[in-house]
Amino acid sequence: MSALARKLAARIAAGGPLPVDAYMAACLADEEFGYYRRTNAIGAAGDFTTAPEIAQIFGELIGLWLADQWQAQGSPPRFNLVELGPGRGVLMQDALRAAAQALPAFVAAARLHLVDISVPMRDEQRHRLGAYGPSWHADLADVPNDAPLFAVANEFFDALPVRQHVRRGAAWHARRVGLREGRLGFVEGDAVEVDFERPQAPEGAIVETCPAGEAIAAALGTRIAEHGGAALAIDYGTAVPGWGDTLQALRKHKHVDVFDRPGECDLTAHVDFPALMAAARKGGAASYGIVGQGAFLTRLGLPVRLGRLLKSAPPRQARDLAKASQRLLDPREMGTLFKVVCFVPAGASPPPGFAAELEI
Ligand code: SAH
Numbered sequence: 017m018s019a020l021a022r023k024l025a026a027r028i029a030a031g032g033p034l035p036v037d038a039y040m041a042a043c044l045a046d047e048e049f050g051y052y053r054r055t056n057a058i059g060a061a062g063d064f065t066t067a068p069e070i071a072q073i074f075g076e077l078i079g080l081w082l083a084d085q086w087q088a089q090g091s092p093p094r095f096n097l098v099e100l101g102p103g104r105g106v107l108m109q110d111a112l113r114a115a116a117q118a119l120p121a122f123v124a125a126a127r128l129h130l131v132d133i134s135v136p137m138r139d140e141q142r143h144r145l146g147a148y149g150p151s152w153h154a155d156l157a158d159v160p161n162d163a164p165l166f167a168v169a170n171e172f173f174d175a176l177p178v179r180q181h182v183r184r185g186a187a188w189h190a191r192r193v194g195l196r197e198g199r200l201g202f203v204e205g206d207a208v209e210v211d212f213e214r215p216q217a218p219e220g221a222i223v224e225t226c227p228a229g230e231a232i233a234a235a236l237g238t239r240i241a242e243h244g245g246a247a248l249a250i251d252y253g254t255a256v257p258g259w260g261d262t263l264q265a266l267r268k269h270k271h272v273d274v275f276d277r278p279g280e281c282d283l284t285a286h287v288d289f290p291a292l293m294a295a296a297r298k299g300g301a302a303s304y305g306i307v308g309q310g311a312f313l314t315r316l317g318l319p320v321r322l323g324r325l326l327k328s329a330p331p332r333q334a335r336d337l338a339k340a341s342q343r344l345l346d347p348r349e350m351g352t353l354f355k356v357v358c359f360v361p362a363g364a365s366p367p368p369g370f371a372a373e374l375e376i
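When we follow the numbering used here, the leftmost residue of the sequence shown carries the number 17, and every step to the right adds one.
What follows is the structure, encoded as structure tokens:
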């Protein structure tokens, strides 16, 4: 049993089964033993890898997207540039380098705010982004709300705790984590009030909600409505409200049981994009998407940029570059499982990469 498993077992023995979101929050963020408190998770030697770690062109295009949106909104002389869950800081480093070449005034006007709970990740971020004088926060709520907000979140929302509900007749029961013969496992709780509808879901179907993610999307929407700005969220998940248990654990790039060594594995769940968009709209912003990552990056000109790079790259590097880009774009890899949405001021036209109508 991991140290966190023992701690959770004692907590359950004393207070009863935990809602799934409380379990997930403990696994990822427990003060002593949470996954993001202590592990260096990302990269070949870690547990998972992400788009900015695969190809620098990803962060560069996002930097250009943000700079374009800043310019489209009148180049405000001061704004908050926010990254939610910056990981090793690679995306923002690539974004700022590309933006500085294309539009130096954008970088000059930016105040960089990094929202992350992970101490080891913050060290990595300091290493790559220290020159930009960032401030760190554990929560978006701590970022000053005094200027336009331009924000990006890549594989952030999938790390936020989900609740699970099980259909029983006309009711929905909370799924919980309890003890069975001394081991952590799922148990079913009482019927609860829910704010979703899934008339087609069969008996026993599991519906997930992510109140923490919706609260952040709503806060982004409110800030953008108040001060202007734009936010981009990229993640893997669903484009239509459905059902299914998507909670998954990864360790050393392999799927493991979600109760296997809690606190030592990455835990994620699919992002419910329609729910995030609805929350941002409730906050007062407009939302665009949902577009597949492959289509989004293609529209932003990834193939053109790649073509230019390939011309000057030595053969081996060119092969690697082409392969990495393919991984981001290909529908059999990250191209459609990963999806993109953005939040912009109400009435703003669709930013580059997005169409006016719902796309998926
Ligand atoms: N965006 C990066 C990292 C993704 S991993 C990339 O694409 O490579 C998820 C990131 O979110 C990590 O940096 C993790 O420390 C951070 N994180 C996870 N849960 C969080 C929370 N509740 N609040 C703030 N940051 C969180």
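Beta carbons are placed, not taken as given, at the ideal position from N, Cα and C, and that holds for glycine. The structure presented is a predicted model; accordingly, all values stated were derived computationally and were not measured.
{"Check": "As an exercise, report each continuous alpha helix (DSSP H) stretch of at least 4 residues that is fully enclosed by the region 225–263, in chain order.", "Outcome": "227–243"}
{"Check": "If you run the structure through DSSP and keep just helix, strand and coil, what is T314?", "Outcome": "helix"}
{"Check": "Return the Cβ separation of G229 and G299 in integer angstroms, given the expectation that the two are a contact with Cβ distance under 8 angstroms.", "Outcome": "No, G229 and G299 are not in contact; Cβ-Cβ is about 13 angstroms, not under 8 angstroms."}
{"Check": "Find out if the Cβ-Cβ distance for the pair C226, G305 is shorter than 8 angstroms.", "Outcome": "no"}
{"Check": "Taking the alpha carbon of L130 as the reference point, which residue from Q141, V123, V272 has its own alpha carbon closest?", "Outcome": "Q141"}
{"Check": "Consider the C-beta atom of R104 and the heavy atoms of the ligand SAH; say whether any pair is separated by less than 7 angstroms.", "Outcome": "yes"}
{"Check": "Put H269 into one of helix, strand or coil per three-state DSSP.", "Outcome": "coil"}
{"Check": "List, from N- to C-terminal side, the alpha helix (DSSP H) runs of 4 residues or more that fit wholly inside the region 34–87.", "Outcome": "36–45, 51–54, 67–70"}
{"Check": "I think A247 touches A167, with their Cβ atoms under 8 angstroms apart; what is that distance to the nearest whole Å?", "Outcome": "4 angstroms"}
{"Check": "So, is P278 buried or exposed, given that buried needs 16 or more other C-beta atoms within 10 angstroms?", "Outcome": "buried"}
{"Check": "Report back the beta-carbon spacing between F173 and L292 to the nearest angstrom; my notes put them in contact at under 8 angstroms.", "Outcome": "7 angstroms"}
{"Check": "Is DSSP giving F289 helix, strand or coil here?", "Outcome": "helix"}
{"Check": "Roughly how many angstroms separate the alpha carbons of E204 and E349, rounded to a whole number?", "Outcome": "35 angstroms"}
{"Check": "Kindly indicate which residue of V210, G75, P160 has the alpha-carbon position closest to the one of L318.", "Outcome": "G75"}
{"Check": "By the three-class DSSP mapping on this structure, what secondary structure does L353 have?", "Outcome": "coil"}
{"Check": "State the CB to CB distance for the pair N96 and L165, rounded to an integer number of angstroms; the pair is presumed to be in contact (CB under 8 angstroms).", "Outcome": "5 angstroms"}
{"Check": "Could you work out which residue in A241, L325, S91, A234 is closest to F289 when comparing CA atoms only?", "Outcome": "A234"}
{"Check": "Any heavy atom of the ligand SAH closer than 7 angstroms to the Cβ of P278?", "Outcome": "no"}
{"Check": "Distance, Cα to Cα, E24 vs A118?", "Outcome": "In the sequence as presented, Glu is not what sits at residue 24; that position holds Leu. About 50 angstroms."}
{"Check": "For M17, count the other beta carbons within 10 Å of its own beta carbon; 16 or more makes it buried, fewer makes it exposed. Which is it?", "Outcome": "exposed"}
{"Check": "Let me check understanding here. Comparing Cα to Cα, which of Q342, D261, E197, T352 lies closest to A217?", "Outcome": "D261"}
{"Check": "Thinking just about the alpha-carbon of each residue, which of E197, G198, R179, G323 is nearest to the one in H189?", "Outcome": "R179"}
{"Check": "What first and last residue would you give for the beta strand (DSSP E) that runs through L130?", "Outcome": "126–131"}
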